[in-house]
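Down below is the structure, laid out as structure tokens.
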Amino acid sequence: MDIAGKPVALLPGLKMTVATEGVVAPIADGPEKAYEVGREGAGDIFPGRHGQALERARWRQILTIDSESHQIEGRILLNVMCHYFGDLADTEQNDVQSGTPHMLNPRPVGAPSSDITERIPVAWPALPRTDLLVPYLRQIDEARIYTNHGPLVDRFETRLAERLGFRKREVIACSTGTMALVGAIRAARNLSGCRGRLCLLPAYTFVATAGAALSCGYDCHLVDIDRRTWAIEPAALRQHPRLSEVGLVLPVAPYGRMIDLQGWQDFHDETGIPVVIDAAACLDRLMEPGISLPKTIPLAVSLHATKSFGCGEGGLVLSRDTTLLEETYKVFNNGFLGSRDAQTVGLNGKMSEYTAAVALAELDGFDEKSAQWSRVAAAYATAGNAIGARLWTAPETSGCYALIEASSPPQAAMIGARLITAGVDIRNWYGAGLSEHPAYAQLSRDPLSVCADVAGCVIGLPCFTDLTKADIGRIVAMLAV
Numbered sequence: 004m005d006i007a008g009k010p011v012a013l014l015p016g017l018k019m020t021v022a023t024e025g026v027v028a029p030i031a032d033g034p035e036k037a038y039e040v041g042r043e044g045a046g047d048i049f050p051g052r053h054g055q056a057l058e059r060a061r062w063r064q065i066l067t068i069d070s071e072s073h074q075i076e077g078r079i080l081l082n083v084m085c086h087y088f089g090d091l092a093d094t095e096q097n098d099v100q101s102g103t104p105h106m107l108n109p110r111p112v113g114a115p116s117s118d119i120t121e122r123i124p125v126a127w128p129a130l131p132r133t134d135l136l137v138p139y140l141r142q143i144d145e146a147r148i149y150t151n152h153g154p155l156v157d158r159f160e161t162r163l164a165e166r167l168g169f170r171k172r173e174v175i176a177c178s179t180g181t182m183a184l185v186g187a188i189r190a191a192r193n194l195s196g197c198r199g200r201l202c203l204l205p206a207y208t209f210v211a212t213a214g215a216a217l218s219c220g221y222d223c224h225l226v227d228i229d230r231r232t233w234a235i236e237p238a239a240l241r242q243h244p245r246l247s248e249v250g251l252v253l254p255v256a257p258y259g260r261m262i263d264l265q266g267w268q269d270f271h272d273e274t275g276i277p278v279v280i281d282a283a284a285c286l287d288r289l290m291e292p293g294i295s296l297p298k299t300i301p302l303a304v305s306l307h308a309t310k311s312f313g314c315g316e317g318g319l320v321l322s323r324d325t326t327l328l329e330e331t332y333k334v335f336n337n338g339f340l341g342s343r344d345a346q347t348v349g350l351n352g353k354m355s356e357y358t359a360a361v362a363l364a365e366l367d368g369f370d371e372k373s374a375q376w377s378r379v380a381a382a383y384a385t386a387g388n389a390i391g392a393r394l395w396t397a398p399e400t401s402g403c404y405a406l407i408e409a410s411s412p413p414q415a416a417m418i419g420a421r422l423i424t425a426g427v428d429i430r431n432w433y434g435a436g437l438s439e440h441p442a443y444a445q446l447s448r449d450p451l452s453v454c455a456d457v458a459g460c461v462i463g464l465p466c467f468t469d470l471t472k473a474d475i476g477r478i479v480a481m482l483a484v
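Take the sequence shown: its position 414, counted from the start at 1, is 417 in the working numbering, and no numbers get skipped.
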């Protein structure tokens, strides 16, 4: 079928003009039928209006994205070019960590980025190498304790508490960052006596925030964010029309940007509504001088491999409220505490000794790794100042993020297309917001104009510890054109 210069329905609700001769051919069946667009036998299948040439494999991935999330004509190119959304995250992360060269990780592990034709991946995690794990693995062999709050988990909690300036009893390690949210939410609900079933949370966040609340039995209501902080604000929620129904508020510290912790403590004290803070990317920020925990509000932290401090998969619950942490411990331990009688409805959220071994090795070398994150942030800041771009890097965010904030969604679309064309992979970390994900599209919500604007303007740039100045110069040059 000749489609030169004509609008072509690729997926339900999605149309794009293809400026070349080509064919539309089905390549996948299922709830979302996918199609391939291009010239028969050609490798580069979309020499489109911005001159980009996308590989056939990349186009297949793009066309499996749910079109209902990306209906705005003129912005669809951004969503096509910047297609790193949550529904692709698992595949991408597996490939990134494997060291297998592909479109997200074109360099073999350890290879320099001297060849300008190589793609720069958006993330390339680096965790402690095998030789640094061996001493801890031998301790596991000798102790023959593999989980259930073993000695390495205890040592990790103790050492991390010291690093943060907290008391040991203010830190609990668990299996994942999402599990940290679930445990803190359940513990807060158990202790509060608050019977409201509505959870207020920001529309601009990673999907795990909503998933955790829903898994705990709450009905989620999406709230718009503040344009300055990209977060929900306690003062605004005090006036929310559904406040009388609320049993939980889940503020998020977006990209590790610190939010008003004391303001949320005051909100909790005044309303009695449980508050749990999703501080997934905040661990490196919490290590900075002068940061203190709220009196009773828990923070849930992720130790995922992509975070500034990672151990593969892991999480933390941090709180000064030792009664709440004791309840969280029970939740993570199938309801047990000091006996074989379950005292609360729990689950298994414990960190294993093997995960603790990686976490301890990460802690051993974190001063050096932190310096590497700082070097990358400083290089971005210097380069960004030269072109006047609004870049967000550490210490304003967690060290694992470098973000550009465009002045408008159309400008973001132009920047995104330019970067991808130049071989720079990017990520819209939170997608278009929770309401645009099929799994969460049915959630009740306030008007979300700020969320839509921020989601359309903020682009995640490559950020990893061995990103070179040459890499950063190449990236920032694309922002200045």
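In this text, a Cβ means the ideal position worked out from N, Cα and C, and glycines have one as well.
Delimiting residues of the alpha helix (DSSP H) encompassing residue i
| i | result |
| --- | --- |
| residue 474 | 472 to 483 |
| residue 266 | 264 to 274 |
| residue 176 | Not the alpha helix (DSSP H): residue 176 falls in the beta strand (DSSP E), residues 174 to 177. |
| residue 464 | That residue, residue 464, is in no alpha helix (DSSP H); its beta strand (DSSP E) goes 461 to 464. |
| residue 158 | 154 to 167 |
| residue 149 | From DSSP, residue 149 is part of no alpha helix (DSSP H); its letter is neither H nor E. |
Beta-carbon separation (whole angstroms), residue i vs residue j, contact threshold 8 Å
| i | j | result |
| --- | --- | --- |
| residue 406 | residue 394 | 7 Å |
| residue 319 | residue 183 | 6 Å |
| residue 477 | residue 206 | Not confirmed; about 34 Å, so no contact. |
| residue 366 | residue 166 | 7 Å |
| residue 316 | residue 212 | The Cβ separation is near 17 Å, so there is no contact. |
| residue 446 | residue 452 | With 8 Å as the limit, residue 446 and residue 452 do not qualify as a contact, their Cβ atoms being about 17 Å apart. |
| residue 202 | residue 177 | Residue 202 to residue 177, Cβ: 20 Å. No contact. |
| residue 219 | residue 259 | With 8 Å as the limit, residue 219 and residue 259 do not qualify as a contact, their Cβ atoms being about 24 Å apart. |
Cα-Cα separation, residue i to residue j
| i | j | result |
| --- | --- | --- |
| residue 479 | residue 374 | 21 Å |
| residue 301 | residue 121 | 43 Å |
| residue 253 | residue 306 | 19 Å |
| residue 150 | residue 261 | 33 Å |
| residue 455 | residue 136 | 44 Å |
| residue 172 | residue 358 | 20 Å |
| residue 197 | residue 388 | 49 Å |
| residue 190 | residue 251 | 12 Å |
| residue 377 | residue 397 | 7 Å |
| residue 195 | residue 276 | 8 Å |
| residue 436 | residue 458 | 7 Å |
| residue 134 | residue 142 | 14 Å |
| residue 158 | residue 430 | 36 Å |
| residue 200 | residue 383 | 44 Å |
| residue 460 | residue 361 | 36 Å |
| residue 129 | residue 208 | 24 Å |
| residue 246 | residue 274 | 9 Å |
| residue 385 | residue 482 | 14 Å |
| residue 270 | residue 264 | 10 Å |
| residue 475 | residue 312 | 22 Å |
| residue 146 | residue 156 | 13 Å |
| residue 427 | residue 463 | 11 Å |
| residue 241 | residue 272 | 12 Å |
| residue 163 | residue 413 | 44 Å |
| residue 226 | residue 408 | 21 Å |
| residue 468 | residue 379 | 7 Å |
| residue 123 | residue 324 | 44 Å |
| residue 472 | residue 310 | 21 Å |
| residue 368 | residue 400 | 21 Å |
First and last residue of the uninterrupted beta strand (DSSP E) at residue i
| i | result |
| --- | --- |
| residue 205 | 201 to 205 |
| residue 186 | First-last for residue 186: 180 to 195, but that is the alpha helix (DSSP H), not the beta strand (DSSP E). |
Cβ neighbour criterion (16 or more within 10 Å) applied to residue i
| i | result |
| --- | --- |
| residue 73 | Any reading at residue 73 needs caution, since the residue's pLDDT is 36, under 50, leaving its predicted position unreliable; the model's value is listed next. Result: buried. |
| residue 326 | exposed |
| residue 348 | exposed |
| residue 237 | buried |
| residue 231 | exposed |
| residue 344 | exposed |
| residue 292 | exposed |
| residue 351 | exposed |
| residue 161 | exposed |
| residue 303 | buried |
| residue 154 | exposed |
| residue 356 | buried |
| residue 131 | buried |
| residue 341 | exposed |
At 4 residues or longer, and completely inside the segment 365 to 432: list those alpha helix (DSSP H) runs for me, N to C.
Qualifying alpha helix (DSSP H) stretches, in chain order: 369 to 390 and 412 to 424.
For the segment 214 to 297, which segments carrying the alpha helix (DSSP H) assignment without a break, of at least 4 residues, lie completely within its bounds, in sequence order?
The qualifying runs are 237 to 240, 264 to 274 and 286 to 289.
Unbroken stretches of the alpha helix (DSSP H), 4 residues or longer, contained in the segment 300 to 353:
List check, alpha helix (DSSP H) in window: 325 to 335.
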